[in-house]
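Throughout, the working numbering is defined as the position within the sequence shown, counted from one, plus 1168.
Cβ atoms here follow ideal geometry from the backbone N, Cα and C, with glycine treated the same way.
Remember, it's a predicted structure, so these values are computed and weren't measured experimentally.
One structure is given below, encoded as structure tokens.
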Amino acid sequence: MDTKQTVHIAPLLDDMKIGRTHIGIFILCFVTLFLDGMDFAAILVTAPAILRDWQLEPKVMGTIFGVGNLGLLIGAVAFGKLGDIYGRRIGIVAGVLTYSLPALATAFADSYEHLLILRFLTCIGIGGVLPNIVTLLTEGAPKRVRGSSVLLASIGYALGPAAVGGLAAFLIPRTGWPSVFLIVGVAGTLLGILLYFVLPESIRYLALKKPQSEELRQALRRIAPDLAIGPQTQFVIDSDVSKKPGLADLFRDRLATITPLLWAVFFVETLTFMTLVSWVPILLQRSGVSPAMASLAFAYGAVGGVIAQLLLSRFIDSFGWLTTLFATIVAVAALFALGIPDLTPTLVISLIVVAMSFATSAHNSLYSLVGPFYPTAIRGNGVGLASGAARVAAIIGPVVGGLLVSQLSLSGMGIAMATPYIATAILCLVFHALRTRPAPGVSERAPA
């Protein structure tokens, strides 16, 4: 006869050793973000060929990029909520198919209007994948590697544009720009089908929504085969969120302070990050660097971002917001150093590469830190809305940068781009203080 027992899910998952299930989920999330990055950059690398083939003015691409940014914002907010209602797995699969099928259809677009609509739909899916990936990794990884798992997975998103750039360089001269969208669309569609069958649901989500389901029992048997689970076993995940969580739950108790501060830090950090990556080649050319060297410096910055993320991943779980603070301070110092008189082109390139590298790592580290603030019931919505604040800044930042770049010198632009990062550094200190104090109402650990 089975004795009745209660299993507290949160401490079980927090203290678990890394196993094959953890590694499998990480690889699937990494590949998903990799294709996410490929789809995002596909329009960027094919834009010159599209303009040439359709004999369009370059300014029309600005409208397409703007509509895409709007789609990213909508996707981040909508799919984060979708993940809370139907599950992280469904949110990820739906996001992948939402960006892959329109990308596939783009290969057959025959007008600017078709391209505009398809890009909007593609970006809704691209924006919707990240919040659910972050939530799934946050909820599934052991506590000691929770932040680093998100940060390392985000490297996949950084590698995607590099891969699609090489793909475009090979395919466009031979088969034309539609072949780029054909390949990324087919790859994404196949990935979506694969994820539907092999990607497991978050155990925390199952414990919250389906606490007595066989799906939860099977998931726990896979990840903790030594755990005794009988017919009478009950599974508990503590949460003070209402059974029908809504937007108001994001502002309950201490979250009334935390949520607006998270939106603020995502917004001000992305202002600097997106302005920097959008205007680096032009800034370098204005400082006397050749166009070819400016493009090469941008590539160096992207590679440096991957290296910096690998470096930060060693410390993010131990030091949390202080790790982001460190990356922010290094980027600020490099941007302010652009104001040093009589810099040689080599020094300018070096400072830009350092700024890009640590700005990239600071940007992606935010996503590894946001999830633990929210309980399972509203985590997807919390991450999605914070990501939405970043998407708003991604729309505003490059536009403001375009207005400033024609009026300011290189040193002036360095100061202008560094200013939001000063606010970011202050907010990192605030969050460090918040995370070192107990958070009543949002803990999911079992009582002592």
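When burial is assigned at 16 or more other CB atoms within 10 Å of the CB, is residue i buried or exposed?
{"i": "residue 1477", "result": "buried"}
{"i": "residue 1343", "result": "exposed"}
{"i": "residue 1282", "result": "exposed"}
{"i": "residue 1202", "result": "buried"}
{"i": "residue 1366", "result": "exposed"}
{"i": "residue 1257", "result": "buried"}
{"i": "residue 1168", "result": "This structure leaves residue 1168 out entirely; the chain is present only between 1169 and 1616."}
{"i": "residue 1369", "result": "buried"}
{"i": "residue 1185", "result": "exposed"}
{"i": "residue 1187", "result": "exposed"}
{"i": "residue 1309", "result": "buried"}
{"i": "residue 1610", "result": "A caution first: residue 1610 carries a pLDDT of 45, below 50, which makes its placement in the model too unreliable to give a value."}
{"i": "residue 1383", "result": "exposed"}
{"i": "residue 1249", "result": "buried"}
{"i": "residue 1379", "result": "exposed"}
{"i": "residue 1435", "result": "buried"}
{"i": "residue 1486", "result": "exposed"}
{"i": "residue 1489", "result": "buried"}
{"i": "residue 1374", "result": "buried"}
{"i": "residue 1395", "result": "exposed"}
{"i": "residue 1195", "result": "exposed"}
{"i": "residue 1427", "result": "buried"}
{"i": "residue 1274", "result": "buried"}
CB residue i to CB residue j, shorter than 9 angstroms?
{"i": "residue 1345", "j": "residue 1231", "result": "no"}
{"i": "residue 1592", "j": "residue 1533", "result": "no"}
{"i": "residue 1207", "j": "residue 1279", "result": "no"}
{"i": "residue 1516", "j": "residue 1573", "result": "no"}
{"i": "residue 1295", "j": "residue 1244", "result": "yes"}
{"i": "residue 1348", "j": "residue 1284", "result": "no"}
{"i": "residue 1237", "j": "residue 1418", "result": "no"}
{"i": "residue 1247", "j": "residue 1318", "result": "no"}
{"i": "residue 1586", "j": "residue 1504", "result": "yes"}
{"i": "residue 1315", "j": "residue 1481", "result": "yes"}
{"i": "residue 1371", "j": "residue 1391", "result": "yes"}
{"i": "residue 1527", "j": "residue 1433", "result": "no"}
{"i": "residue 1469", "j": "residue 1520", "result": "yes"}
{"i": "residue 1173", "j": "residue 1334", "result": "no"}
{"i": "residue 1602", "j": "residue 1422", "result": "yes"}
{"i": "residue 1557", "j": "residue 1430", "result": "yes"}
{"i": "residue 1385", "j": "residue 1401", "result": "yes"}
{"i": "residue 1200", "j": "residue 1293", "result": "no"}
{"i": "residue 1405", "j": "residue 1177", "result": "yes"}
So the candidates are the options; which of them puts its Cα closest to the Cα of residue i?
{"i": "residue 1271", "options": "1383, 1351 and 1331", "result": "1351"}
{"i": "residue 1570", "options": "1603, 1442 and 1589", "result": "1442"}
{"i": "residue 1252", "options": "1307, 1199, 1291 and 1196", "result": "1307"}
{"i": "residue 1540", "options": "1277, 1382, 1578 and 1312", "result": "1312"}
{"i": "residue 1560", "options": "1594, 1242, 1201 and 1370", "result": "1242"}
{"i": "residue 1302", "options": "1339, 1537, 1575 and 1486", "result": "1537"}
{"i": "residue 1524", "options": "1216, 1475 and 1509", "result": "1475"}
{"i": "residue 1640", "options": "1260, 1553 and 1196", "result": "Because the chain spans 1169 through 1616 in this model, residue 1640 falls outside it and cannot be assessed."}
{"i": "residue 1211", "options": "1287, 1192 and 1502", "result": "1287"}
{"i": "residue 1290", "options": "1356, 1310, 1335 and 1600", "result": "1356"}
{"i": "residue 1233", "options": "1275, 1584 and 1562", "result": "1562"}
{"i": "residue 1259", "options": "1489, 1479, 1364 and 1454", "result": "1364"}
{"i": "residue 1321", "options": "1220, 1198, 1385 and 1360", "result": "1198"}
{"i": "residue 1264", "options": "1354, 1336 and 1567", "result": "1354"}
{"i": "residue 1336", "options": "1218, 1324 and 1377", "result": "1218"}
{"i": "residue 1451", "options": "1228, 1578 and 1304", "result": "1578"}
{"i": "residue 1496", "options": "1178, 1400, 1589 and 1387", "result": "1589"}
{"i": "residue 1180", "options": "1323, 1403, 1341 and 1228", "result": "1403"}
{"i": "residue 1547", "options": "1195, 1240 and 1300", "result": "1300"}
{"i": "residue 1623", "options": "1221, 1323 and 1292", "result": "In this structure the chain extends from 1169 to 1616, so residue 1623 is not present and cannot be described."}
{"i": "residue 1584", "options": "1439, 1388 and 1293", "result": "1439"}
{"i": "residue 1509", "options": "1472, 1558 and 1582", "result": "1582"}
{"i": "residue 1522", "options": "1511, 1483, 1472 and 1566", "result": "1472"}
{"i": "residue 1376", "options": "1292, 1173, 1575 and 1544", "result": "1544"}
{"i": "residue 1420", "options": "1542, 1462 and 1405", "result": "1542"}
With respect to the beta strand (DSSP E) encompassing residue i, which residues constitute its N-terminal and C-terminal limits?
{"i": "residue 1318", "result": "That residue, residue 1318, is in no beta strand (DSSP E); its alpha helix (DSSP H) goes 1314-1343."}
{"i": "residue 1174", "result": "1174-1176"}
The alpha helix (DSSP H) that contains residue i, what's its start and end?
{"i": "residue 1227", "result": "1227-1254"}
{"i": "residue 1284", "result": "1280-1308"}
{"i": "residue 1513", "result": "1513-1538"}
{"i": "residue 1579", "result": "1578-1603"}
{"i": "residue 1555", "result": "1547-1573"}
query = Quick one: complete beta strand (DSSP E) runs, 3+ long, within the region 1365-1433?
reply = Runs of the beta strand (DSSP E) inside the region 1365-1433: 1402-1404.
key: 3 or more residues per run - each beta strand (DSSP E) lying fully within the region 1428-1506   = Runs found: none.
ask   = At what residue ranges does the region 1174-1206 contain a whole run of the alpha helix (DSSP H), taking only runs of 4 or more?
value = 1177-1182, all fully within the region 1174-1206.
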